[in-house]
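Encoded as structure tokens, the structure appears first; notes follow it.
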Amino acid sequence: MSKNIQVVVTGASGFVAKNVRKHLSLNEFNLISISRKNFQKLKKETKIVSSDYKEKDILPKIKNSYALIHLVGIGKQSIKNDYNSINLGFTKKIIDLCKKAHIKKIIFTSGLGVSKTTSLGYFISKYRAEQQIIESGLNYTIFRPSYIVGKDDLLTKYLKNQIKTKEIKIPGSGNYSIQPIYINDVSKVIAKSLLDNRFEKKTLDLVGSESLTFQEYVKLFSMNKIKIKKLNLETCYNDAINNPQSKISVDDLNLLIGDFKGNHKKLSKISKIPFESIRELLKSGRLLQ
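Residue numbering for the sequence shown is 1 to 289, as defined by our numbering.
Okay, structure coming up:
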């Protein structure tokens, strides 16, 4: 059923997009993938590298595509790229492209914890982007992901680098919980949302079935073989604010200790896919390979 269905993917060089593109390619979707950075082209894929997503370079190539998967976003601000310009402003640009190209469906990744009552800048920008999509008149599916984990996600890379030092440092008590989801499951869910009308005009938490404390996650990840050092939370925030080289930003800390919970049952009921146990994934050591 996916043969000859053309799908556009933005942010093609990113971790999630790489895996989603690979899954879609294996399932015989025709892909038009766009990124600011160069990336490896897959089978049945049109590759577009555009530093600023210029309409004249993109629009003629994406016209009349079936859907667009919007995976561009930032989780850390800088002078050049802030939340409003990327998470909000750029999403508006993509919505306009969809309309001009006669693309009727958009799939968007927001963030777990996004709501109309939030006070965090990251979440505010994502919430406003969601509202732009909902009010656009396009068919849509909005996913609010927790930590999406695989061999190359940012959290996994961070922990692997910590393991090399023979000590994993975690902010605060580590008793705050996270609800990770495996990248292979994410790819399956996004692919299914393209064609399954149960996903139409839905906002869904993209989360796994299990909540783990961060300390438990780190212990399982490291196979209980690496010493864990708990850092004073105030010290972590001070470093994040004052040290440009800090590996963890203020917003990273806010998201990590926010203890956000998602509705996995709703996702499971709509998607009808068997989700991988994160505990079993960690125990297997596959993320360390």
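Backbone N, C-alpha and C define an ideal beta-carbon position, used for all residues, glycine too.
Buried or exposed: which applies to Asn232, given that a residue is buried once 16 or more other Cβ atoms fall within 10 Å of its Cβ? Classification for Asn232: exposed.
Excluding sequence positions up to five away, which residues of its chain have a Cβ less than 8 Å from the Cβ of Lys76? Excluding sequence neighbours, Lys76 sits near Ser249, Asp251 and Asp252.
What does Lys151 pair with, by DSSP beta-bridge criteria? Looking at the DSSP assignment, Lys151 forms no beta bridge with any residue, so it has no partner.
Phe214 versus Tyr147 - alpha carbon distance: The alpha-carbon atoms of Phe214 and Tyr147 are separated by roughly 11 Å.
Taking buried to mean at least 16 other C-beta atoms within 10 Å of its own C-beta, is Lys61 buried or exposed? Under this definition Lys61 is an exposed residue.
Which class does Tyr176 belong to by DSSP, given the choice of helix, strand or coil? DSSP places Tyr176 in coil when its eight states are reduced to three.
Answer yes if the segment 201-218 comes into contact with the segment 132-146, meaning at least three C-beta pairs across the two stretches below 8 Å, and no otherwise. Judged by Cβ distances under 8 Å, the segment 132-146 makes contact with the segment 201-218, as three or more pairs qualify.
Quick check on this structure: which residue in Asp57, Leu26, Thr141 and Thr117 has the alpha carbon closest to the alpha carbon of Arg297? Any answer about residue 297 is impossible in this case: the structure gives the chain only from 1 up to 289.
Bridge partners - Asn30, DSSP secondary structure assignment: For Asn30, DSSP records a beta bridge to Gln6.
Quick check: what's the CA-CA separation for Lys44 versus Ala240? Taking the straight line joining both Cα atoms gives about 43 Å.
Asp185, buried or exposed, once every other Cβ within 10 Å from all chains shown has been counted against 16: Buried is the call here.
What is the rounded straight-line gap between the Cα of Leu42 and the Cα of Cys236? Leu42 and Cys236 have their alpha carbons spaced roughly 41 Å apart.
Under 8 Å by Cβ, that's how I've got Ile69 and Val114 pegged, so tell me the actual separation to the nearest angstrom. That pair is no contact at about 18 Å.
Suppose the cutoff is 8 Å on Cβ atoms and the five residues either side in sequence are ignored; what does the same chain contact list for Asn175 look like? Excluding the 5 residues flanking it on each side, Asn175 has same chain C-beta neighbours closer than 8 Å at Thr213, Phe214 and Gln215, in chain order.
Quickly, what does DSSP pair Arg144 with across the bridge? List them, please. Arg144 is bridged to Asp205.
Starting from the Cα of Leu281, find the closest Cα among Val149, Leu155 and Lys126 and give me that residue. Ranking the options by Cα distance to Leu281, first place goes to Val149.
Once the 5 residues before and after Ala12 are set aside, which same chain residues still bring their CB inside 7 Å of it? If we look at Ala12 and ignore the five residues flanking it on each side, its Cβ neighbours are Arg21, Ser33, Ile34, Ser35 and Phe39.
Let me check one thing: in DSSP terms, what residues is Asn139 bridge-paired to? Its beta-bridge partners are Lys105.
Can you find the residues in the same chain that come closer than 6 Å, C-beta to C-beta, to Lys202, ignoring five residues on each side of it along the sequence? Excluding residues within five positions, the ones whose Cβ falls inside 6 Å are Thr141.
Helix, strand or coil: which one does DSSP assign to Ser268? Looking at Ser268 - three-state DSSP - the assignment turns out to be helix.
Residues near Gly262 by beta carbon distance below 8 Å, same chain, minus five either side: Apart from the 5 residues on each side of it in sequence, Gly262 sits with its Cβ closer than 8 Å to the Cβ of Leu112, Arg144, Ser146, Gln179, Asp205, Leu206 and Val207 in its chain, given in chain order.
For Met223, tell me which candidate among Ser187, Leu159 and Lys269 has the shortest Cα-Cα distance. Cα-wise, what sits closest to Met223 is Leu159.
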